[in-house]
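When we follow our numbering, the leftmost residue of the sequence shown carries the number 757, and every step to the right adds one. All C-beta atoms, glycine included, are put in the ideal place defined by N, C-alpha and C.
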Amino acid sequence: MTKEYKLKGVSTLALKPGEKQEVEVEGIDEGKVLLVNAGGSIQALGSKCTHYGAPLVKGILTASGRLTCPWHGACFNAKSGDIEDAPALDSLPVFQVAERDGAVYITGAEADIKSGRRKPNIQCRAGAASKKPQQSKVGYLPIDRPKLSKALMTDPDKIAWRDDGWYESAAVDMLDDEVTGLVLATGGTPRRLPLDGFKTLGNIFTLRTIKDTREIVEAVGGKGKKIAVVGSSFIGMEVAKALCSDNSVTVIGMEKVALERVMGEVVGAGLQKGLESLGVKFYMSASVDKAEASASDSSKVGAVLLKDGTRIEADLVILGVGVAPATTYLKENSAVSLEKDGSLQVSAKFAVQGLESVYAIGDIATFPYHGPGGDGRPTRIEHWCVAQNAGRAVARDITHPQEAPWPFVPVFWSALSGQLRYCGNTAGGWDDIVIQGDPAEGKFVAYYCRGETVLAMAAMGKDPVLAQCSTLMFENKMPSKSQLAGGLDVLTLDVN
């Protein structure tokens, strides 16, 4: 039931266009709303991002009403509360605002003010979706997968995006009839090493599902295990961070420094130093030779041997050596043509080339990238924020096929020695990096450039730089390399 509530400490609606203010709601414990002036119109919204609860007052608001979360780049329409970009799942509630007698009031339901999210009012009919789309393969509803590597969480109920009741209320049912449209969203399969011992010995794990996480947690058991992580990209670095406080963790990587291929040598070295300060050991520029059995149990791994003769003792090994598109089921299908990496070439609307009403999204899709410096270059991005945007694009094309593709800026994040934020894409390669701050100190912004164009940005300890840069990229207002090299602070720029 809706009713009127007074806002604490607000006597007048004096916000200027582009300004925002977080205020408490009288009579509701911990109740807060965000007042915004979007295009001259003032209204109240839920105050927190519906992804991880970031305070939206610290985000970026454009004159057109695009409100960007300061943590992970989710965007909302400040006028309607609707989601405009991943990774948010729910829209924001919007509350009517009134000013009278030296006070400001909002009208809304207490439950909506407390939750800060708008309950979806949807129902899927005629086979528009399938109930529990991953149930047959992994046995649980769609989850917040990044929490597997960042926190080794094993309870699917704690990281499920939606519960059973949500699917039931949306009338999502199983479908086994002939269909007129098909969305392929089979994800990726972790790669394994085709080396001696890695296929036969126990306690060698990949990390993709809750089952994988449970097995790793069980193998770790108490404290004091020797853990070897093969692979120095994001999965390897995140799981090393998650396990290093109570165990001896060693990361083995082929690059000169961790994350060098994606982040560059200087930034990668700084991020590696951050984990080294937490006790993680690194063997870099290394090639793995084989896995050796344990002396106490020949069925399990006991060490990883490198080609230079180094022997790294390990009670368990975790592989973070990449992901392959899960498309083996399509290899013998003459109707489709797979790319060299096993992915499917799709259009800007994520429609599979050569097929009618068939789409591919997520890890299996190679799509034309039109972000900064992209120029439509075929790109495959293994981040669920992109997968979510792809799903939105497909839904839009199915329901409104005449409308243009929905643009978005890729965003991802990682939990290392600090919170790493990243937006943009460098699949076509960069030729220079402009760094402001010191990656080794865990407080920096790095701009990845080709010529004068900024392709991507990485930052740590500099919120809300990600929200600012993703907004500038979306609005095609990102400054040039020369401006940034001259010391320009992007937070001083007007996004309008």
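In this structure, the beta-carbon distance from Gly1118 to Ala941 falls below 8 Å.
Closest in alpha carbon position to Gly937, among Met1216, Gly1243 and Ser1113, is Ser1113. Unbroken alpha helix (DSSP H) runs of no fewer than 4 residues, entirely contained in the region 807-856, are not found.
For Tyr861, the closest of Lys762, Ala1091, Thr962 and Thr1227 by C-alpha to C-alpha distance is Lys762. Below 8 Å, enough C-beta pairs join the region 997-1016 and the region 1024-1033 to call them touching: three or more.
Going by DSSP, Asp1188 is part of the beta strand (DSSP E) stretching over Asp1188 to Asp1194. Contact between Val1007 and Phe1038 holds, since their C-beta atoms are separated by about 5 Å, short of 8 Å. Taking C-beta atoms as the reference points, Ser1099 and Ala1121 count as a pair closer than 8 Å. C-alpha of Ala830 to C-alpha of Glu934: approximately 36 Å in a straight line.
The beta-carbon distance between Gly821 and Ala794, rounded to whole angstroms, is 4 Å. This is short enough to meet the 8 Å contact definition. Between the C-alpha atoms of Ser1238 and Gly1129 there is a straight-line separation of about 16 Å. The C-beta separation of Val779 from Val792 comes to about 11 Å, leaving the pair out of contact by the 8 Å criterion.
The three-state reading of DSSP puts Phe961 in strand, counting E and B together. Counting along the chain, the unbroken beta strand (DSSP E) around Val1079 starts and ends at Val1079 to Pro1081. Just so you know, the alpha carbons of Thr910 and Val1142 end up roughly 24 Å apart. When DSSP states are grouped into helix, strand and coil, Cys1205 belongs to the strand group.
Annotation: the continuous alpha helix (DSSP H) that includes Ile991 extends over Phe990 to Leu999. For Thr1006, the enclosing beta strand (DSSP E) covers residues Ser1004 to Ile1008.
Linking Ser1033 to Ala1047 through their CA atoms gives a straight-line distance of about 28 Å.
Non-local C-beta neighbours of Val1044 in its own chain, meaning closer than 7 Å and more than five positions away in sequence, comprise Leu949, Leu951, Val986, Ile1008, Val1060 and Leu1062, ordered along the chain. Between the region 849-863 and the region 1181-1193 there are fewer than three C-beta pairs closer than 8 Å, too few to call the two in contact. Beyond the five residues adjoining it in sequence on each side, Gln1101 comes within less than 7 Å, by CB distance, of Glu1095, Gln1109, Thr1122 and Pro1134 in the same chain, given in chain order.
In the three-state scheme derived from DSSP, where H, G and I count as helix and E and B as strand, Ser1170 is classed as strand.
DSSP, read as helix, strand or coil, puts Gly802 in strand. For Ser1050, the closest of Thr956, Asp920 and Cys1000 by C-alpha to C-alpha distance is Thr956.
Closest in alpha carbon position to Ile1068, among Gly1058, Gly1076, Leu1075 and Val1077, is Gly1058. Beta-bridge analysis with DSSP links Gln777 to Leu791. Of the residues assessed, His807 falls on the buried side of the cut-off, its CB having 16 or more other CB atoms within 10 angstroms. With at least 16 other beta carbons inside 10 angstroms of its own, Gln1144 counts as buried.
The beta carbon of Cys1000 sits closer than 6 Å to the beta carbons of Leu1034, Gly1035 and Val1036 from its chain, once the five residues preceding and following it are set aside; these are given in chain order. Contact annotation: Thr1227 and Ile816 have beta-carbon atoms nearer than 8 Å. Around the C-beta of Glu1208, fewer than 16 other C-beta atoms lie within 10 Å, and the residue is accordingly described as exposed. In this structure, the alpha-carbon of Val1201 lies about 10 Å from that of Val1246.
Annotation: Gly1127 to Gly837 spans about 25 Å, alpha carbon to alpha carbon.
Take the alpha-carbon of Glu971 and the one of Pro912: they are about 14 Å apart. According to DSSP, Arg1177 shares a beta bridge with Trp1169 and Ala1215.
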